[in-house]
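Colleague:
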Amino acid sequence: MAPILEVRNLTHVYSAGTPFEHRAVDDMSFSVQRGEFIGIIGHTGSGKSTLMQHLNGLLKPTSGQVLLDGVDIHSDKKFTRQARFRVGLVFQYPEYQLFEETVYKDIAFGPKNMGLKAEEIDRRVREAAKLVGLTDAQLEVSPFDLSGGQKRRVAIAGVIAMEPEVLILDEPTAGLDPASRAGILENIETYRKTKNATIMMVSHSMNDVARLTERLLVLSGSKLAMDGTPAQVFTRADELLDMGLDIPDVTRVFLRLKQLGLPLEPVYTIEQAVAAVKKLKEGK
Amino acid sequence: MLKDITLGQYFPGDSYIHRLDPRTKLLMVVVYIVALFMASNWLAYGLVALFLAACIKISMIPLKAITRGMKPVLVIVVFTGVLNLFFTPGTHEIVNIFGFSLTWEAVERAVQMILRIMLLITGTFLLTYTTSPIALTDGLERLLDPLKAIKFPVHELSMMMCIALRFIPTLIEETDKIMSAQKARGADFESGSLMDRAKALIPILVPLFISAFRRADELATAMECRCYQGGEGRTKLKQLHYTQLDFTAYAIGAVLILGVLAAGRIG
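Line by line, the protein sequences give chains A and B.
Under the numbering used here, the residue at position 130 of the first sequence is numbered 130, and the numbers go up by one with no gaps.
Position in the second sequence (from 1) plus 284 gives the number in the numbering used here.
1. At a CB-CB cut-off below 7 angstroms, which residues of chain B make contact with F79 (chain A)?
2. With distances taken Cα to Cα, identify the nearest neighbour of G470 (chain B) among A:G283, A:E282, A:D26 and A:D106.
3. Mark I360 (chain B) as exposed unless 16 or more other C-beta atoms lie within 10 angstroms of its C-beta, in which case mark it buried.
4. So, is the C-beta of V159 (chain A) closer than 8 angstroms to a C-beta in chain B?
5. Measuring only the C-alpha atoms, how far is T135 (chain A) from S142 (chain A)?
6. Hey, how far is the Cα of S385 (chain B) from the Cα of V314 (chain B)?
7. Could you give the first and the last residue of the continuous beta strand (DSSP E) run that contains D26 (chain A)?
8. Do we get a CB-CB distance below 8 angstroms when we pair M200 (chain A) with the residues of chain B?
9. Residues in the same chain with beta-carbon distance under 8 angstroms from T372 (chain B), minus the five sequence neighbours each way, listed in chain order, please.
10. Say whether the stretch 71-91 of chain A touches the stretch 250-263 of chain A, bearing in mind that this needs 3 or more beta-carbon pairs closer than 8 angstroms, one atom from each stretch.
11. Can you list, in chain order, the stretches of the alpha helix (DSSP H) that have 4 or more residues and sit fully within the stretch 146-216 of chain A?
12. Quick one: Cα of H302 (chain B) to Cα of R400 (chain B), how far?
13. Quick one: Cα of M285 (chain B) to Cα of H54 (chain A), how far?
14. Can you tell me which of A:F91, A:V7 and A:L245 puts its alpha carbon nearest to the alpha carbon of D170 (chain A)?
15. For R549 (chain B) and M322 (chain B), what's the separation of their Cα atoms in angstroms?
16. In chain order, what residues of the same chain have a beta carbon less than 7 angstroms from the beta carbon of D530 (chain B), not counting five sequence neighbours either side?
17. Determine the closest residue to A419 (chain B) out of B:A468, B:C446 and B:R352, with distance taken between C-alpha atoms.
18. When DSSP labels each residue in this structure, what does T102 (chain A) get in the three-state scheme?
19. Give the secondary structure of I4 (chain A) by DSSP, where H, G and I count as helix, E and B as strand, and everything else as coil.
20. If you draw a straight line from the alpha carbon of G175 (chain A) to that of T213 (chain A), how long is it in whole angstroms?
21. Closer than 7 angstroms: is that where the CB of E389 (chain B) sits relative to any heavy atom of the ligand GDP?
22. Does any C-beta atom of chain B lie closer than 8 angstroms to the C-beta of G110 (chain A)?
23. Comparing the C-beta of Q150 (chain A) with each C-beta of chain B, is any distance below 8 angstroms?
24. In the structure shown, what three-state DSSP assignment does V125 (chain A) receive?
25. Report yes or no: is there a C-beta of chain B within less than 8 angstroms of the C-beta of M226 (chain A)?
26. Could you compute how far the alpha carbon of K117 (chain A) sits from the alpha carbon of L146 (chain A)?
27. Determine the chain A residues that contact V490 (chain B) at a beta-carbon separation under 7 angstroms, and present them in chain order.
28. Output, in chain order, the set of chain B residues within a Cβ distance shorter than 9 angstroms of M114 (chain A).
29. Measure the beta-carbon distance from D422 (chain B) to L524 (chain B) and round it to whole angstroms, keeping in mind my assumption that it falls under 8 angstroms.
30. With burial defined as no fewer than 16 other Cβ atoms inside 10 Å of the residue's Cβ, what is the status of E163 (chain A): buried or exposed?
31. Do you know how far the Cα of M397 (chain B) is from the Cα of F473 (chain B)?
32. Pick from A:G45, A:G148, A:R126 and A:A129: whose alpha carbon is nearest that of S180 (chain A)?
33. Beta carbons nearer than 8 angstroms to chain B: which residues of the stretch 55-86 of chain A have them?
34. Mind checking if F37 (chain A) is an interface residue toward chain B, Cβ cutoff 8 angstroms exclusive?
35. On a Cα-Cα basis, can you pick out the residue from A:P3, A:K48, A:M52 and A:N207 that is closest to E271 (chain A)?
36. Count the C-beta pairs between the stretch 47-67 of chain A and the stretch 234-249 of chain A that are closer than 8 angstroms, then say yes if the count reaches three, no if not.
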């Protein structure tokens, strides 16, 4: 199947020609299939945010290309604008971008910019609000009267209401309490299932990415260091730790058990761990 | 994009200019401006330009950064030039367009005006390029010290300036982020009528103001938590001391003024 997104030799240099020159993304190449759930992990400053902003055409590559459905995002101005709607981008702490008088109006901002009809906007706003768990009553209050977790949901709904084919989220659960975190991750998964959408999520929680994603992109020092399934990536635990990254808690426990002499293969989710322990028990 | 605004930006470095006492630099900028406005002929302008060129060379600030900083003010420069071109009385007419006569005097004056503005801006830019905001406000506070005698809140003023300068890059970055986020939701800042464009600013300004207030509030709380209170009895982490370098700079400044005065006599 043709990939929905393709990144070819992407390089981005900030402030070229000043003492602040910084190569934020260096020669990255990968492609993304429809319906994939991809986790992006990397240390602060490894180029995650810069990479993400290329995927919907907000930033123009210094060299290289980003193809959406086989077409260069920057080939045509109209297409670049279309790409913004087809590739939805939720920034870090998106609740700081809310500005409208009511939650409803704020969620409607994206669909309105798409030039949709009033009924369609209404449908999308209500659907997106429902998906992230906002009640009808909450739609009519000011977003600034909501709690932090609810504001985050409103901001995410604002992007989901554009019904993007690819949804990219930069640390969507940063700074939230455990209940809100679980809720938002569940919303993302629901959106993926109902729309067969592609999800790309930046996260610092190895437990989350291990549990949710099918594929991991590991960025280190502005380069794409690893690209593979969580199983493949987390077996290279030493390299990850060298990059200043973490491994899931359960993987850490199992690696230690193996060092202590138990015949265990490394696992990265709780479910796998349960199965492995059961097997070991029965084997004895 | 917005990050390219270099106004008030500090380029870290270790040149002679960087190492000057901030007080010296502030006073030298005043001396430089006085010299620039005293300049009345080409020789004097040449002297001032030479002085600036030498300073830039010594400061090791890349020329590109300096020309880039000029970009936003280009409109003003061109506007002034054109105004002077047509509204300076003179006798040596070159051409006459629709009753506006263009004279040699006017051309000379326009070029000098443009030169003056550009030298003025570049000179003051050099100050902020080579001096960190904190050093700058420290220097200003010391220079304004005598005003404390008449109960002028010198410390508060310099603190406010310091905070304002400190927050320029933060707010620019914040604006950039909010703009990107709204663009990701399809906001369009580049097309439409003037009214549409003004309206398109709302999604940026509302979050920006909220975040600015939030930051101010957080900063105030943080300062209070550390029992911050004005200048009374407060000691400095970095004491300012004049060195040989500063006296040399003052001497050069005096030479510059004398040179410009002398050039005025000759010309």
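From the three backbone atoms N, C-alpha and C, an ideal C-beta is built for every residue, glycine too.
Modeller: On the basis of the supplied data:
1. For the purposes of this step, residue 79 (chain A) is identified with residue 79 of the first sequence, where counting begins at 1. Correct list: empty, because the minimum Cβ distance to chain B is about 14 angstroms.
2. As a working note, residue 470 (chain B) is residue 186 in the second sequence. For G470 (chain B), the closest alpha carbon among the candidates A:G283, A:E282, A:D26 and A:D106 is that of A:D106.
3. Numbered from its first residue, the second sequence carries residue 360 (chain B) at position 76. With fewer than 16 Cβ atoms within 10 Å of its Cβ, I360 (chain B) is classed as exposed.
4. One-based indexing of the first sequence puts residue 159 (chain A) at position 159. With 8 angstroms as the cut-off, V159 (chain A) counts as an interface residue toward chain B.
5. One-based indexing of the first sequence puts residue 135 (chain A) at position 135. One-based indexing of the first sequence puts residue 142 (chain A) at position 142. The C-alpha of T135 (chain A) lies about 13 angstroms from the C-alpha of S142 (chain A).
6. Counting from one through the second sequence, the residue named residue 385 (chain B) turns up at place 101. Counting from one through the second sequence, the residue named residue 314 (chain B) turns up at place 30. Here the alpha carbon of S385 (chain B) sits roughly 37 angstroms from the alpha carbon of V314 (chain B).
7. Numbered from its first residue, the first sequence carries residue 26 (chain A) at position 26. Boundaries of the beta strand (DSSP E) around D26 (chain A): H22 to V32.
8. On the first sequence, residue 200 (chain A) is found 200 positions in, with the first residue counted as 1. In terms of beta-carbon proximity, M200 (chain A) stays away from the interface with chain B, with every pair separated by 8 angstroms or more.
9. Taking the second sequence and counting its residues from 1, one reaches residue 372 (chain B) at position 88. So the qualifying residues of the chain are T387, E389, A390, R393 and A394.
10. The stretch 71-91 of chain A, when compared against the stretch 250-263 of chain A, does not touch it at the 8 angstroms Cβ threshold.
11. Runs of the alpha helix (DSSP H) lying entirely within the stretch 146-216 of chain A, each at least 4 residues long, are 148-160, 178-195 and 206-212 in chain order.
12. Taking the first residue of the second sequence as 1, we reach residue 302 (chain B) at position 18. Taking the first residue of the second sequence as 1, we reach residue 400 (chain B) at position 116. Between the alpha carbons of H302 (chain B) and R400 (chain B) lies a distance of about 24 angstroms.
13. To locate residue 285 (chain B), count along the second sequence from 1; it is residue 1. To locate residue 54 (chain A), count along the first sequence from 1; it is residue 54. For M285 (chain B), the pLDDT reaches just 43, beneath the cut-off of 50, and the residue's location in the model is therefore unreliable, leaving the point undetermined.
14. Residue 170 (chain A) sits at position 170 when you count from the first residue of the first sequence. If we check each option's Cα against that of D170 (chain A), A:F91 comes out closest.
15. Looking up residue 549 (chain B) in the second sequence gives position 265. Looking up residue 322 (chain B) in the second sequence gives position 38. Whole-angstrom Cα-Cα distance: 11 angstroms.
16. Against the second sequence, residue 530 (chain B) aligns to sequence position 246. Taken in chain order, the residues that qualify are L304, D305 and T308.
17. By one-based count along the second sequence, residue 419 (chain B) stands at place 135. Nearest Cα to A419 (chain B) within the set B:A468, B:C446 and B:R352: B:C446.
18. Here the question's residue 102 (chain A) lines up with position 102 in the first sequence. In this structure, T102 (chain A) counts as coil in the three-state DSSP scheme.
19. Mapped onto the first sequence, residue 4 (chain A) falls at position 4. In the three-state DSSP reduction, I4 (chain A) falls in the coil class, being neither helix nor strand.
20. Here residue 175 (chain A) refers to the residue found at position 175 when the first sequence is read from its first residue. Here residue 213 (chain A) refers to the residue found at position 213 when the first sequence is read from its first residue. Across the structure, G175 (chain A) and T213 (chain A) are spaced so that their CA atoms are roughly 21 angstroms apart.
21. The ligand GDP is not among the ligands present in this structure, which contains no ligands whatsoever.
22. For the purposes of this step, residue 110 (chain A) is taken as residue 110 along the first sequence, with counting starting at 1. At least one chain B Cβ lies under 8 angstroms of G110 (chain A).
23. Here residue 150 (chain A) corresponds to residue number 150 of the first sequence, with the count starting at 1. Judged by the 8 angstroms Cβ criterion, Q150 (chain A) is not in contact with chain B.
24. In the first sequence, the residue the question calls residue 125 (chain A) occupies position 125. Helix, per DSSP.
25. For this step, residue 226 (chain A) is matched to residue 226 along the first sequence. No, no contact with chain B.
26. For this step, residue 117 (chain A) is matched to residue 117 along the first sequence. For this step, residue 146 (chain A) is matched to residue 146 along the first sequence. Rounded to whole angstroms, K117 (chain A) to L146 (chain A) spans 28 angstroms at the Cα level.
27. Reading the second sequence from its first residue, position 206 is the one you call residue 490 (chain B). Ordered by position in chain A, the residues that pass the 7 angstroms Cβ test against V490 (chain B) are F99.
28. Indexing the first sequence from 1 puts residue 114 (chain A) at position 114. Neighbours of M114 (chain A) on chain B, chain order: G470.
29. Residue mapping note: residue 422 (chain B) aligns to position 138 of the second sequence, counting from 1. Residue mapping note: residue 524 (chain B) aligns to position 240 of the second sequence, counting from 1. Their Cβ separation, rounded to whole angstroms, is 6 angstroms, which keeps D422 (chain B) and L524 (chain B) in contact under 8 angstroms.
30. Within the first sequence, numbered from 1, the residue matching residue 163 (chain A) stands at position 163. Around the Cβ of E163 (chain A), a 10 Å sphere holds 16 or more other Cβ atoms; the residue is buried.
31. Walking along the second sequence from the start, residue 473 (chain B) turns up at place 189. Walking along the second sequence from the start, residue 397 (chain B) turns up at place 113. Straight-line Cα distance between these residues: approximately 35 angstroms.
32. Residue 180 (chain A) sits at position 180 when you count from the first residue of the first sequence. When only C-alpha atoms are compared, the closest one is A:G148.
33. Here the close residues are N56, L58, R81, R84 and F85.
34. Position 37 of the first sequence holds residue 37 (chain A). For F37 (chain A), the answer is no, since every Cβ of chain B falls outside 8 angstroms of its Cβ.
35. Here residue 271 (chain A) corresponds to residue number 271 of the first sequence, with the count starting at 1. Across the set A:P3, A:K48, A:M52 and A:N207, the C-alpha of A:N207 shows the shortest separation from the C-alpha of E271 (chain A).
36. They do not touch, by the three-pair rule.
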